[in-house]
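Chains as they are written, first to last, in our numbering: chain A, 4 to 409; chain B, 218 to 338.
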């Protein structure tokens, strides 16, 4: 082991955490027992590994150790309380009912964490805690809430899972597409909070974008035939590829001004390969189309070389699946490049998105290009009033300052 | 197995506004749903309630019981009926609630019963 053996053990533990917890939850049917046992296994590893070396299969070692600790604990409780339930957990080794789709403990658990009967913010927190292995303090700081608030949120969600008997299993085939959609939405929310963070802290939180990608990768590995899971992973990779040049000196850098040499070519290659796989299957869905839009952008050597007609065509396709005004807004941004700001502004101004910062920012930009400085200024002000990302605020403030005085 | 209460919450004025000629269709749909619950072996109990104005609240926490006219909560929406079903987990309960909601044309709240405490050995 290298310089800091403790940190090395903790890193392995975190990498294995999702798998470890998922297998313990499946075996003991209880999240609290699983978390306690995993914690005890970490203590044991911290004691043993720096002394004896990391075992050849650390994940298996942790699973066995944690399983033994859980059984010890249940035995003690059984002796002390004559607990019926404890006895069942130790002795019942009947095989679990087949799920029909795929058997993987993490897949079961992610469907539990992202169950539609849990509040959306609880789904995010549980997923990061149980599958991502983030601590409650880390999740609380990532979402800018008090640690006690986040702990309560997680405790309440776990109590609902237990009390309402939310199952640990992959949903029935008929429910699967909708339930996968819920999981993908949670992963995208985690990614977005990292990519365009709210609050006054860091404008980008790489730990969240990284975790969302790690989980999306896992989901894609577990459900390789689900094209929307493939599409989401591709979309996240192609967005993440631009992360390092997206903020400069505390200010957001728009796509057309980014240093494309700073984009991560490895992530782009991986994302493009996934998009090609989706195109070949030819069953487009929301995330696949958004991934394809990102593929067009990351394919262009310069902003001017972007194939805007392709982008508009993709948003047309998306609008047929999802007629939301936000899709129409994104489409209009591409229309501005193809048909000019006047055409785009006419579309944008019809959209019922008052109070949405990107709507005001887009209008401001189009009005600026049309030389309507006073109107543009009012829209920059409206965007700034509702924008809660520090880097985007800095960018909008500078743009507003550059307007010709009316 | 867990028992769940599926309660139908609705605005009684809105229910009353449904034209009478549409009632038989709704009753038939609910009856088909009830039949499905029995066939699947998940039926425990079900019933429709009289209007909330027929309710009486009893409070016997003090020395003398107090009887008050009307429902406990002063809201527009009241429980109009319910099913109690016994199924393996929440996913199954939500599937039945989905069918129940369609049948009775109302919102259905799904709430688990507390597990019975294990019998003393």
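Each residue gets a CB set at the ideal place from its N, CA and C atoms; glycine is no exception.
Closest Cα partner of residue 25(A) within the set 57(A), 55(A), 62(A) and 49(A): Here residue 25(A) corresponds to residue number 22 of the first chain, with the count starting at 1. For residue 25(A), the nearest C-alpha among the options comes from 62(A).
Closest Cβ-Cβ distance between residue 292(B) and chain A: below 8 Å? Here residue 292(B) is taken as the residue at index 75 of the second chain, counted from 1. Closer than 8 Å: no.
Name the DSSP beta bridge partners of residue 392(A), please? Counting from one through the first chain, the residue named residue 392(A) turns up at place 389. Note: residue 392(A) sits in a beta bridge opposite 202(A).
Considering residue 282(B), what are the terminal residues of the alpha helix (DSSP H) in which it resides? The count along the second chain starts at 1 and reaches residue 282(B) at position 65. Premise fails: residue 282(B) is in no alpha helix (DSSP H) and is neither H nor E.
Chain B partners of residue 349(A), CB-CB under 7 Å? Here residue 349(A) is taken as the residue at index 346 of the first chain, counted from 1. When 7 Å is used as the limit between beta carbons, residue 349(A) is near no residue of chain B, the shortest such separation being about 40 Å.
Who are the Cβ neighbours of residue 224(B) in its own chain at under 6 Å, not counting the five residues just before and after it? To locate residue 224(B), count along the second chain from 1; it is residue 7. So the qualifying residues of the chain are 296, 299 and 326.
So, residue 273(B) versus residue 281(B), is the Cβ gap smaller than 8 Å? For this step, residue 273(B) is matched to residue 56 along the second chain. For this step, residue 281(B) is matched to residue 64 along the second chain. No; because the gap between Cβ atoms is not below 8 Å, this pair is not in contact.
To the nearest angstrom, how far is it from the Cα of residue 229(B) to the Cα of residue 301(B)? Numbered from its first residue, the second chain carries residue 229(B) at position 12. Numbered from its first residue, the second chain carries residue 301(B) at position 84. Going from the Cα of residue 229(B) to the Cα of residue 301(B) covers about 22 Å.
Measure the alpha-carbon distance for residue 219(A) versus residue 279(B) and round it to whole angstroms. On the first chain, position 216 is the one that residue 219(A) refers to. On the second chain, position 62 is the one that residue 279(B) refers to. For the pair residue 219(A) and residue 279(B), the Cα-to-Cα distance works out to about 58 Å.
Does the beta carbon of residue 166(A) sit closer than 8 Å to a beta carbon anywhere in chain C? Checking the listed chains, one finds no chain C in this structure; the protein chains it contains are A and B.
Is it a yes or a no for the region 262-272 of chain A touching the region 314-334 of chain A, going by three-plus beta-carbon pairs under 8 Å? Three or more Cβ pairs closer than 8 Å define a contact, and the region 262-272 of chain A falls short of that threshold against the region 314-334 of chain A.
To the nearest whole angstrom, what separates the beta carbons of residue 328(B) and residue 221(B), a pair I think is in contact under 8 Å? Counting from 1 along the second chain, the entry for residue 328(B) is found at position 111. Counting from 1 along the second chain, the entry for residue 221(B) is found at position 4. Contact annotation, residue 328(B) with residue 221(B): C-beta distance approximately 7 Å; criterion of less than 8 Å satisfied.
Nearest residue (CA-CA) to residue 128(A), options 115(A), 142(A), 289(A) and 121(A): Locating residue 128(A) in the first chain gives position 125, where the first residue counts as 1. Ranking 115(A), 142(A), 289(A) and 121(A) by Cα distance to residue 128(A) puts 142(A) first.
Just the chain B side, please: which residues come within less than 9 Å of residue 170(A) by C-beta, in chain order? Here residue 170(A) corresponds to residue number 167 of the first chain, with the count starting at 1. Neighbours of residue 170(A) in chain B, taken as residues whose beta carbon is under 9 Å from its own, are 305, 306, 307, 308 and 309 in chain order.
Report the residue from 379(A), 256(A) and 30(A) whose alpha carbon sits nearest the alpha carbon of residue 306(A). Indexing the first chain from 1 puts residue 306(A) at position 303. The shortest CA-to-CA distance from residue 306(A) to any of 379(A), 256(A) and 30(A) is the one to 256(A).
Closer than 7 Å, Cβ to any Cβ of chain B: which residues of the region 106-122 of chain A, in chain order? Against chain B - using a Cβ distance shorter than 7 Å - the residues of the region 106-122 of chain A are 120.
Between the beta-carbon of residue 160(A) and the beta-carbon of residue 121(A), is there less than 8 Å? Taking the first residue of the first chain as 1, we reach residue 160(A) at position 157. Taking the first residue of the first chain as 1, we reach residue 121(A) at position 118. Yes, these two residues count as a Cβ contact at 8 Å.
Chain-ordered chain B contacts of residue 174(A) [CB-CB under 9 Å]: One-based indexing of the first chain puts residue 174(A) at position 171. Annotation: Cβ neighbours of residue 174(A) in chain B (cutoff 9 Å, chain order): 308.
What residues in the region 219-236 of chain B bring their beta carbon closer than 9 Å to a beta carbon of chain A? The region 219-236 of chain B vs chain A, Cβ under 9 Å: 219 and 221.
Whole-angstrom C-beta distance between residue 231(B) and residue 261(B), which should lie under 8 Å: By 1-based counting over the second chain, the position of residue 261(B) is 44. By 1-based counting over the second chain, the position of residue 231(B) is 14. Under the criterion of beta carbons closer than 8 Å, residue 261(B) and residue 231(B) do not qualify as touching, at roughly 28 Å.
Supposed contact pair residue 125(A) and residue 187(A) - C-beta distance, whole angstroms, cut 8 Å: Residue numbering aside, residue 187(A) sits at position 184 when the first chain is read from its first letter. Residue numbering aside, residue 125(A) sits at position 122 when the first chain is read from its first letter. Actually they are not in contact, since the Cβ atoms of residue 187(A) and residue 125(A) sit about 17 Å apart, beyond 8 Å.
Under 8 Å from the C-beta of residue 241(B): neighbouring residues of chain A: In the second chain, counting from the first residue as 1, residue 241(B) sits at position 24. Result: empty, since nearest Cβ-Cβ is about 30 Å, beyond 8 Å.
Taking the alpha carbon of residue 299(A) as the reference point, which residue from 291(A), 287(A), 285(A) and 314(A) has its own alpha carbon closest? Position 296 of the first chain, counted from the start, is the residue given in the question as residue 299(A). For residue 299(A), the closest of 291(A), 287(A), 285(A) and 314(A) by C-alpha to C-alpha distance is 314(A).
Please name the residue or residues paired with residue 324(B) in a DSSP beta bridge. Translated into the one-based positions of the second chain, residue 324(B) becomes position 107. Under DSSP, residue 324(B) shares a beta bridge with 226(B).
Look at the alpha carbon of residue 282(A) and the alpha carbon of residue 199(A), and state the distance between them as a whole number of angstroms. Taking the first residue of the first chain as 1, we reach residue 282(A) at position 279. Taking the first residue of the first chain as 1, we reach residue 199(A) at position 196. Those two C-alpha atoms are separated by around 28 Å.
Hey, residue 37(A) and residue 72(A) are a contact pair by Cβ (cut 8 Å); roughly how many whole angstroms apart? Looking up residue 37(A) in the first chain gives position 34. Looking up residue 72(A) in the first chain gives position 69. With 8 Å as the limit, residue 37(A) and residue 72(A) do not qualify as a contact, their Cβ atoms being about 11 Å apart.
Residue 1(A) versus residue 246(B) - alpha carbon distance: This structure cannot speak to residue 1(A), because chain A is shown only from 4 to 409.
Decide if residue 98(A) is buried, meaning its Cβ has at least 16 other Cβ atoms within 10 Å, or exposed. Along the first chain, read from residue 1 onward, the residue named residue 98(A) stands at position 95. Note that residue 98(A) scores a pLDDT of 49, beneath 50, so its modelled location is shaky; the value from the coordinates is reported in the next line. So residue 98(A) ends up on the exposed side.
Does residue 50(A) pass the burial test, meaning 16 or more other C-beta atoms within 10 Å, or should it be called exposed? The sequence position of residue 50(A) within the first chain is 47, counting from 1. It is exposed - the Cβ of residue 50(A) has fewer than 16 other Cβ atoms within 10 Å.
Roughly how many angstroms lie between the CA atoms of residue 151(A) and residue 132(A), to the nearest whole one? Taking the first chain and counting its residues from 1, the one referred to as residue 151(A) is at position 148. Taking the first chain and counting its residues from 1, the one referred to as residue 132(A) is at position 129. Going by the C-alpha atoms only, they are around 14 Å apart.
For residue 358(A), which residues from the same chain have a beta carbon less than 7 Å from its beta carbon, with the 5 sequence-adjacent residues on both sides left out? Numbered from 1 along the first chain, position 355 holds the residue referred to as residue 358(A). Answer for residue 358(A): 389, listed in chain order.
Taking 6 Å as the limit between beta carbons, can you name the residues of its chain near residue 335(A), skipping five residues before and five after? As a first step, residue 335(A) must be located in the first chain, where it is residue number 332. Once the five neighbours on either side are set aside, the close Cβ partners of residue 335(A) are 347, 350 and 351.
Nearest by alpha-carbon distance to residue 16(A): which of 57(A), 297(A), 371(A) and 77(A) is it? The residue given as residue 16(A) occupies position 13 in the first chain. Of the candidates 57(A), 297(A), 371(A) and 77(A), 57(A) places its Cα closest to the Cα of residue 16(A).
Answer yes or no: does any C-beta atom of chain A fall closer than 8 Å to that of residue 329(B)? Looking up residue 329(B) in the second chain gives position 112. It does; some Cβ of chain A falls within 8 Å.
Would you check if the region 379-389 of chain A and the region 239-246 of chain A touch, i.e. whether three or more CB-CB distances between them fall below 8 Å? Segments in contact, no.
If you follow the beta strand (DSSP E) that residue 302(B) is in, where does it begin and where does it stop? Here residue 302(B) refers to the residue found at position 85 when the second chain is read from its first residue. Element bounds for residue 302(B): 294-304.
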